[in-house]
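Comments concern the structure below.
Numbering (the numbering used here), first residue to last: 89 to 585.
Here it is, written out as structure tokens:
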């Protein structure tokens, strides 16, 4: 039985979504049917296809009462739009169906686990959002909420846990058949923690342990957790709120965090390494899946909460996801590479070898806004250059700059002139590790974004840009002398929807 609230959202999508031309959207990044998109939810395989749900407010390009939008894909790049999956239509989720996960059940149905929010006033009159965990089960298009929701509430929290910040379950089935979920929580010291729960049937859950705690070291509340094994290491991904900068590794505000270590069922998680996930300007709430071929693939919201007020005035959708990325552990770090499926859409190769750059230059055939390009920068000798700049999405007024300084081993992304209409933070620098003095930059452009993969995935920087599409020049610039190799492909897609 479809509620009136859900039917209204589906009717709105059907009426207005098809009127947005494909040219007003990215070519291959996931976007909402219409309206607002934030966190990816339920990124998982179901009946042989990848499903992606997302936080969704179809009625405006501003955050509002959260629904679950719905997409699916066969190759992580061409997205088919499906009807709204969840709407805030029950007492326990009347103020929003917040983030969560999904999985295929043994009986062939698809389970969604999400955070339901109820809003009320506390004893002093302040508004509080009480958060609980809820279940819906369906067939890949329609979903029925469990009659005994919520399945986890305040009574299921460990001592000191907050029912106001208790959200974002990520669910999976272990090799022993047991179901597990990790959930973000705020503890008595007013900082974040990741809680682990287990279940025999996905309906009745019990607390197992606290996996890791923030202790006010890395931000405060830890949102959108994920927990998985990767190349022999146990990985926790989470998105801290109110992070303070730590050198060039973490920036201020809402950030992302990779905790790498080991896990023992008796002793719990032991942290061995901490690093940022993305070093750009727009990246939050990543979620992963395990593909049938064994790859661990991650996607995230390519946006920043502190910049959501800066958007084109004419847009009818807002928010997009990153390019899905294959994860690995190499040299003790989290590495990320674009999904290999991207290479099947490459067309019209343009290749230049051993090009001397001194000052600013362009190269024949190297331009565009939907492309995959790798630039390898090689010094001519010791101290041969002070900096190298790659300019993309450029015309006489606009310019997005990727700058490398060899004496500092820093890469900087600069979108000050990339079409955003507000004076907000537009630059970020981070450390990289040149290989024999060389640095490799793989740049993926898709109309409204740039993603830079450094040294085959050692570090990644993502940023939204709103430069007009006619700004498609690409130039190379050096203070001094460098040699560069350039391999550029145009990317061509036919959308499934």
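Cβ coordinates follow ideal geometry from the N, Cα and C atoms, glycine included.
Checklist entry - Counting only runs that start and end within the region 344-368, where is the beta strand (DSSP E) found for 3 or more residues in a row? => result 345-352, 356-363
Item to check | Cross-strand partners of residue 543 (DSSP beta bridge) | outcome: As a first step, residue 543 must be located in the chain shown, where it is residue number 455. According to DSSP, residue 543 bridges with nothing at all.
Checklist entry - From residue 557 to residue 275, what does the alpha carbon distance come to, in whole angstroms? => result Position 469 of the chain shown, counted from the first residue, corresponds to residue 557. Position 187 of the chain shown, counted from the first residue, corresponds to residue 275. Rounded to whole angstroms, residue 557 to residue 275 spans 47 Å at the Cα level.
Next on the checklist: Out of 387, 440, 399, 394, which one is the CA nearest neighbour of residue 426?
Outcome noted: In the chain shown, counting from the first residue as 1, residue 426 sits at position 338. Per the Cα distances, 387.
Checklist entry - Can you round the beta-carbon distance between residue 145 and residue 167 to whole angstroms, since I take them to be within the 8 Å contact cut? => result Along the chain shown, read from residue 1 onward, the residue named residue 145 stands at position 57. Along the chain shown, read from residue 1 onward, the residue named residue 167 stands at position 79. That belief does not hold up - the Cβ atoms of residue 145 and residue 167 are roughly 19 Å apart, past 8 Å.
Item to check | Through-space distance from residue 216 to residue 241, alpha-carbon basis | outcome: Here residue 241 is taken as the residue at index 153 of the chain shown, counted from 1. Here residue 216 is taken as the residue at index 128 of the chain shown, counted from 1. Taking the straight line joining both Cα atoms gives about 15 Å.
Next on the checklist: the ligand PLP and residue 443: does any heavy atom of the ligand fall closer than 8 Å to the residue's C-beta?
Outcome noted: The model on display carries no ligand, and the ligand PLP is accordingly not part of it.
Item to check | Chain-order list of residues whose beta-carbon lies under 7 Å from that of residue 226 (same chain, five-residue window excluded) | outcome: Indexing the chain shown from 1 puts residue 226 at position 138. Correct list, in chain order: 197, 198, 232.
Checklist entry - Helix, strand or coil for residue 429 per DSSP? => result Against the chain shown, residue 429 aligns to sequence position 341. Note: residue 429 maps to helix in three-state DSSP.
Next on the checklist: Tell me the rounded alpha-carbon separation between residue 630 and residue 420.
Outcome noted: This structure leaves residue 630 out entirely; the chain is present only between 89 and 585.
Checklist entry - Between residue 250 and residue 319, what straight-line distance do the alpha-carbon atoms span, to the nearest angstrom? => result Reading the chain shown from its first residue, position 162 is the one you call residue 250. Reading the chain shown from its first residue, position 231 is the one you call residue 319. Rounded to the nearest angstrom, the two C-alpha atoms are 34 Å apart.
Next on the checklist: Using 9 Å as the threshold, is the C-beta distance between residue 141 and residue 174 below it?
Outcome noted: Numbered from its first residue, the chain shown carries residue 141 at position 53. Numbered from its first residue, the chain shown carries residue 174 at position 86. Cβ atoms of residue 141 and residue 174: closer than 9 Å.
Checklist entry - Considering only residues of the same chain and omitting the five flanking positions on each side of residue 149, which have a CB-CB separation below 8 Å? => result On the chain shown, residue 149 is found 61 positions in, with the first residue counted as 1. Around residue 149: 123, 124, 399, 403, 404, 405, 406.
Next on the checklist: From the DSSP secondary-structure annotation, give me the bridge partner or partners of residue 491.
Outcome noted: In the chain shown, residue 491 corresponds to position 403, counting from 1. DSSP lists 477, 500 as partners of residue 491.
Item to check | Residues of its chain near residue 563, where Cβ-Cβ distance is below 6 Å and the 5 sequence neighbours each way are ignored | outcome: As a first step, residue 563 is located in the chain shown; it is residue number 475 there, counting from the start. The answer, listed in chain order, is 448, 450, 479.
Checklist entry - Can you tell me whether residue 457 is buried or exposed, with buried defined as 16 or more other CB within 10 angstroms of its CB? => result Along the chain shown, read from residue 1 onward, the residue named residue 457 stands at position 369. The residue in question, residue 457, is buried, as its Cβ has 16 or more Cβ neighbours within 10 Å.
Item to check | Member of 258, 328, 181 whose CA lies at the smallest distance from the CA of residue 279 | outcome: The sequence position of residue 279 within the chain shown is 191, counting from 1. Checked all of 258, 328, 181; the closest Cα to residue 279 is 328.
Checklist entry - What is the rounded straight-line gap between the Cα of residue 490 and the Cα of residue 546? => result As a working note, residue 490 is residue 402 in the chain shown. As a working note, residue 546 is residue 458 in the chain shown. Taking the straight line joining both Cα atoms gives about 16 Å.
Checklist entry - Can at least three beta-carbon pairs, one atom from the region 339-350 and one from the region 361-380, be found at a separation below 8 Å? => result yes
Next on the checklist: Looking only at its chain, what residues have a beta carbon closer than 8 Å to the beta carbon of residue 114, apart from the 5 residues adjacent to it on each side?
Outcome noted: Walking along the chain shown from the start, residue 114 turns up at place 26. The answer, listed in chain order, is 408, 534, 535, 536, 537.
Next on the checklist: If you reduce the DSSP assignment to three classes, tell me which class residue 581 lands in.
Outcome noted: Along the chain shown, one-based indexing puts residue 581 at 493. It is coil, neither helix nor strand.
Checklist entry - Does the distance from the C-beta atom of residue 576 to that of residue 437 stay below 9 Å? => result Here residue 576 corresponds to residue number 488 of the chain shown, with the count starting at 1. Here residue 437 corresponds to residue number 349 of the chain shown, with the count starting at 1. Yes, these two residues count as a Cβ contact at 9 Å.
Next on the checklist: At the level of alpha carbons, what is the spacing between residue 428 and residue 520?
Outcome noted: Counting from 1 along the chain shown, the entry for residue 428 is found at position 340. Counting from 1 along the chain shown, the entry for residue 520 is found at position 432. Near 23 Å, if we compare the C-alpha coordinates of residue 520 and residue 428.
Item to check | When 424, 468, 512, 580 are compared against residue 529, the one with the closest alpha-carbon | outcome: By 1-based counting over the chain shown, the position of residue 529 is 441. Of 424, 468, 512, 580, the residue nearest in Cα terms is 424.
Next on the checklist: Starting from residue 102, trace the alpha helix (DSSP H) in both directions and tell me its first and last residue.
Outcome noted: Against the chain shown, residue 102 aligns to sequence position 14. Looking at the DSSP string, the run of the alpha helix (DSSP H) that includes residue 102 is 92-104.
Checklist entry - Can you give the beta carbon distance from residue 257 to residue 221, rounded, assuming they're within the 8 Å contact cut? => result Counting from 1 along the chain shown, the entry for residue 257 is found at position 169. Counting from 1 along the chain shown, the entry for residue 221 is found at position 133. Contact holds; Cβ gap of about 5 Å.
Checklist entry - Would you call the region 326-340 and the region 299-306 touching, i.e. three or more CB-CB distances under 8 Å? => result yes
Item to check | Residue range of the unbroken beta strand (DSSP E) whose run includes residue 454 | outcome: Residue 454 sits at position 366 when you count from the first residue of the chain shown. It is not in any beta strand (DSSP E) - residue 454 carries neither H nor E in the DSSP assignment.
Checklist entry - Rounded to a whole number of angstroms, what is the C-alpha to C-alpha distance between residue 183 and residue 237? => result By 1-based counting over the chain shown, the position of residue 183 is 95. By 1-based counting over the chain shown, the position of residue 237 is 149. Using only the alpha carbons, I get a separation of about 15 Å.
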